[in-house]
Structures are given as structure tokens and as C-alpha cells.
Amino acid sequence: MHQLSADILEEILSRLHVKDLLRFKSVSKTWNSIISSQYFINLHLKKSISSPSHCRIFPPYSVSLVYDDVQQVELTWPDEATGYFIGISSDGLVCYMDNISVHPTRICVWNPATRVSKTLNIDGMKFHLLVSWFGRESSDDVYKEGKLLHGIVHWLVTKISAADPNHAKVLMLTYNLGQKTVGELMPTPIKSHEMHHITGIGVIGVIDGCMSAIQGYCEGFYEIYEVWVMKEYGIKESWTKLFTIPHSCDNVQNLELVGVSGYGDIAFRSRTRHDNVAENIYTMNFFTNRRYIRMYVETLVSPKRLSRITAIAPTK
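Numbering (UniProt numbering), first residue to last: 1 to 316.
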């Protein structure tokens, strides 16, 4: 029987799930060498990012975003991941801050697909930051924090009106990783409201390669959720509203945008029993024990390769 060439074998294996690849390492020394190589890990990462079948929702279960075959797989957490959730990088690594009272500058980085973790010290930690992204700046295995798009990290911030301290608007602050510069505050489509009517500073993300923003605010007896995308990056006028969801104010902050599947379905985390709040929107009520729900991609990327983590302070 003819053996497959290395190129063909790599192409076939790169389309498989991490669980299968970990098992196939024991097939032969050749397979183990291929699957363990950095070239293959990068190849598999590239294919996984573009495949909806490799997308998962985290935590406390690993849930497939292919909705016609949703599966829950309970995860085994590393002992070090007992502190504050930081974020998930685009290459499938989860970041947790260690117990602040004991190790205030220690970070646990974990790959939930391979179950491999590593603990590192973080440089320049700023405790007042609420970060929403954790990822690699370049190929040097140095990771940073924030929400990344086009090489720029983004934060949502609330600016209180000087004329009326009871009113505030939501803006976006940027940091260019390549130029290492902080940008001006970018307007968001989220309109100004009275402070006590804003139910949260908002959530930003990336939907189909576009910056997205979601905000909840009270209006009458309802909490209104608006989901927007910026069709042309940096162009204020390109903000486009995807949809608006009215929700009873008795259930304030009960919806949280998780992400979008490869098929364009919107996934929300719900802390209530209300399902099907809008067409093509999925609320997943089994997420009740943990606050932070995010999408991630199953990859072979190892935290063991990390050299250090650096915090970015969103100040000039």
C-alpha cells in the first residue's frame, strides 16, 4: 500500500479536532512529529479559526456553535485557574489572574482543548482595568490584553457629561500595538443616557470582521439591548444597528452577547428562563454558575511557549 506524502497527511490532519489529534500522536513517531511541529500547529490554527465546527463557548462547558448538533463537554480546570477571568485569545488560550490577595501579579494561561497550562508573572499590571481580550502582539510569544481588531486593542469607557454629571456617553478607547500609541476616543452608536438608566458599560466584540458593540439601558418598563456593527472601521457613519431587543426591567442585565456562529446565528447568555427572544438568537440557560462567557477556538497552541505577558494601560 502506498503511503501518503507528508504534505497530504498534514492537510488531512489539519482539518481534525484537537481531541482526535492528541490521540493520533500515538499512531507513529511520524504522526507525532507532524502534529507536534510548530508549522502544523500554525496550519491547524489557521483552519480552525475559519471553521465553525471548531468554535466553542466557554465556560463552564465546551459547547459547539454548530447549532444543529450542540454538545456540552465538562472541562477539567487547572488548579491555578482559581482567580479573576481575563479573556481568551484568538488562538484559543484562556487567561486567568491568580488569587489577587496572594499573588497579585500572577497569571494562569490555559488551553482548554489540550488541558495544558502555564503560570506567568504579568508586567505592568493595572488593577483598575476591565479587560476583554488577551492575545499575542506578534510572533514573539509576548501577549497583551484588550479587544483586538486590525492590530488595535479597544476598550469601552463611560464619559460623564461636564454639563450634567447625571448623564454619560459610551466611547471607545484604542491602543495601536504596532505603533504603541493610544488613540483618541472613538464615538459609539450608543446614545447618551442618565447614569442610573445605563445597565452596564457595554460589550464590544468582532462580528464577521467588523467591530461590534452592545449596550443595555432602561426605557420605561423595559431594558433595551442594541447590537451594532461598524461596517467600515473608523468611520462613525458606518455604525449599523443589527437589532434591538426589548427586555423586562425586572430582569436587568440578564442578557449577555456571547458571539456569532459560523452560520451567522447570534448567541446570548441568559440568566433567565426566557428563550427565543428574537429570530436567530440563541439563549443558553445552562450557563448559571460563571459570569464570563466567551467564544474560543479549539487549537493546539501551547501556553508553555509563552515568555511573558504585558498589561496595557488605556491612558495617555
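All residues carry an ideal CB built from backbone N, CA and C; glycine is no exception.
This one's a predicted model, so the numbers in the text were calculated from it and none came from an experiment.
Problem set entry | Residue from N42, G205 and W228 whose Cα sits closest to the Cα of I245 | With distances taken between Cα atoms, I245 lies closest to W228.
Problem set entry | Inter-residue CB distance, P171 and P187 (contact presumed, cutoff 8 Å) | The sequence shown places Leu at residue 171, rather than the Pro named in the question. Rounded to the nearest angstrom, the Cβ distance from L171 to P187 is 6 Å, consistent with a contact under 8 Å.
Problem set entry | D7 - containing alpha helix (DSSP H), residue span | That run of the alpha helix (DSSP H) goes A6 to L13.
For this session: Starting from Y233, trace the alpha helix (DSSP H) both ways and give me its first and last residue.
Result: Neither: Y233 is in no alpha helix (DSSP H) and is coded neither H nor E.
Exercise. When you compare only the Cα positions, how much space is there between P303 and E237?
Worked result: Distance from the CA atom of P303 to the CA atom of E237, rounded to whole angstroms, is 40 Å.
Problem set entry | Cutoff 7 Å; reference A113; Cβ partners in own chain excluding five residues on either side | So the qualifying residues of the chain are V18, G92, E298 and T299.
For this session: With a 10 Å radius around its C-beta and 16 neighbouring C-beta atoms as the bar for buried, classify V301 as buried or exposed.
Result: Buried: at least 16 other Cβ atoms inside 10 Å.
Exercise. According to the Cβ coordinates, are residue 331 and H44 closer than 7 Å?
Worked result: Beyond the ends of the chain as shown, which are 1 and 316, falls residue 331; an answer cannot be given.
Problem set entry | For S212, the nearest candidate out of D7, W31 and H154 (CA to CA) | When each option's Cα is compared against that of S212, the closest is H154.
For this session: Express the C-alpha separation of I34 and D68 in angstroms, rounding to a whole number.
Result: Per-residue confidence for D68 stands at a pLDDT of 42, beneath the threshold of 50, marking its modelled position as unreliable; no derived number is given.
Problem set entry | Buried or exposed (CB count within 10 angstroms, at least 16 for buried), Q72 | Below a pLDDT of 50, predicted positions are generally treated as unreliable, and Q72, at 49, falls in that range; no measurement from the model is reported.
Problem set entry | CA-to-CA distance, S48 to D164, given in whole angstroms | Roughly 48 Å between the two C-alpha positions.
Exercise. With 16 as the cutoff for other CB atoms within 10 Å, does L242 come out buried or exposed?
Worked result: It is exposed - the Cβ of L242 has fewer than 16 other Cβ atoms within 10 Å.
Problem set entry | Unbroken alpha helix (DSSP H) run spanning K46, endpoints | Q38 to I49 is the extent of the alpha helix (DSSP H) around K46.
For this session: For N32, I'd like the list of residues in its chain whose CB is within less than 8 Å of its CB, leaving aside the five on either flank, ordered along the chain.
Result: Here the set comprises K25 and S26.
Problem set entry | Secondary structure of V27, DSSP reduced to three states | Correct three-state label for V27: coil.
Exercise. Beta carbon of F40, beta carbon of E11: below 7 Å?
Worked result: Taking 7 Å as the Cβ cut-off, F40 and E11 do not qualify as a contacting pair.
Problem set entry | CA-to-CA distance, S50 to R23, given in whole angstroms | In this structure, the alpha-carbon of R23 lies about 23 Å from that of S50.
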